[in-house]
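For the sequence shown, the residue numbers in my numbering are 1 to 184.
No residue lacks a Cβ here, since even glycine has one placed at the ideal position from N, Cα and C.
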Amino acid sequence: MTPAYLIFGRELSLQTDATALVAPAEVVSTPQFTQQLRQKLHTAYESDNSVDPPAHLRQKQQYDRSLNGPSYAKGDKVWLNRPKPPVGACAKFHRPWQGPYEIVFIRSPMVYVIRDISSATDDVLTVHNNQPKPAGRPQLSESPQFVPPGCVPMVERTEKVPQGVGQVNYVKTSSKYSAFAKRG
């Protein structure tokens with residue numbers, strides 16, 4: 001059986017079929033046509049399922065093999081990806097990752113119900129597994145880096161040089177010398 005027969009209960013007519021001579025079809029009332037179509041679809045469905053029942057399981061296992069991504073538990077914190085900006089908002093300044101959200105219910109391994117942590121009155125959202133990402137917690141052992149890796153941070157240090165002749169104080173500040181004249 002073709003996919004068209006499984007969906008429509010009849011084979012599709014092609015343009016080449018229209019040019020061939022076909023015997024005129026009999027006129028069928030609407031209830032009779034509906035009953036015949038229902039019977040054809042039921043027969044097609046039954047014959048398709050009886051051919052290879054384990055095929056569905058094999059296809060599901062093959063599909064599940066290529067699935068990847070994190071799985072979440074109830075109470076996990078996640079960020080939600082909303083790549084399209086709201087209507088009337090500037091796309092340039094749109095932040096696609098919103099949240100954090102908390103998972104309140106797991107409908108299936110791929111569908112989660114989440115709610116915004118910051119607003120208890122907001123409605124819950126039902127999202128697919130490809131929309132959230134884990135909300136990472138900062139590690140306490142790691143201190144935040146404000147200097148890019150590979151750069152040496154500039155440390156400011158002041159050194160006093162003993163006063164000499166001329167009454168000038170030299171102050172060394174972060175590898176630059178500056179002189180301050182003492183006015184009397």
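Spatial neighbours of residue i in its chain, beta-carbon cut-off 6 Å, leaving aside the 5 residues before and after
i	result
Ala135	Lys77, Val78, Trp79, Pro100
His94	Pro85
Nearest to residue i (by Cα), restricted to the options the options
i	options	result
Ala73	Lys92, Leu67, Asn81, Ser108	Ser108
Gln98	Pro83, Gln62, Thr158	Pro83
Leu37	Arg115, Ile117, Tyr5	Tyr5
Leu125	Gln39, Gly69, Ile114	Ile114
Asp122	Glu102, Pro54, Lys133, Ile106	Glu102
Gly185	Asp48, Thr158, Asn129, Glu159	Residue 185 cannot be examined here, being either before or after the span of the chain that is shown, 1 to 184.
Extent of the continuous beta strand (DSSP E) to which residue i belongs
i	result
Pro86	Looking at the DSSP string, Pro86 is not in any beta strand (DSSP E), and its letter there is neither H nor E.
Leu125	125-128
Ile117	Per DSSP, Ile117 belongs to no beta strand (DSSP E) and is neither H nor E.
Pro3	Where Pro3 is concerned, there is no enclosing beta strand (DSSP E), although the alpha helix (DSSP H) it sits in stretches over 3-8.
Ser108	97-108
Lys160	158-160
Terminal residues of the alpha helix (DSSP H) in which residue i lies
i	result
Pro134	No alpha helix (DSSP H) contains Pro134, which is instead part of the beta strand (DSSP E) from 132-134.
Other residues of its chain near residue i: CB distance less than 7 Å, five sequence neighbours each side excluded
i	result
Gln228	Outside the modelled stretch of the chain, which goes from 1 to 184, sits residue 228, for which no answer is possible.
Gln139	Bear in mind that a pLDDT of 49 at Gln139, under 50, signals an unreliable position, so the model cannot answer this.
Gly2	Here residue 2 is Thr; the residue named in the question, Gly, does not match the sequence. Closer than 7 Å at Cβ, skipping near neighbours: Glu11.
Gln15	none
Lys60	none
Chain-order list of residues whose beta-carbon lies under 8 Å from that of residue i (same chain, five-residue window excluded)
i	result
Ser47	Met1
Pro96	Asn81, Arg82, Pro83
4 or more residues per run - each alpha helix (DSSP H) lying fully within the segment 33-78 = 54-65
Any chance the segment 3-17 sits against the segment 33-44, with 3 or more Cβ pairs inside 8 Å?
-> yes
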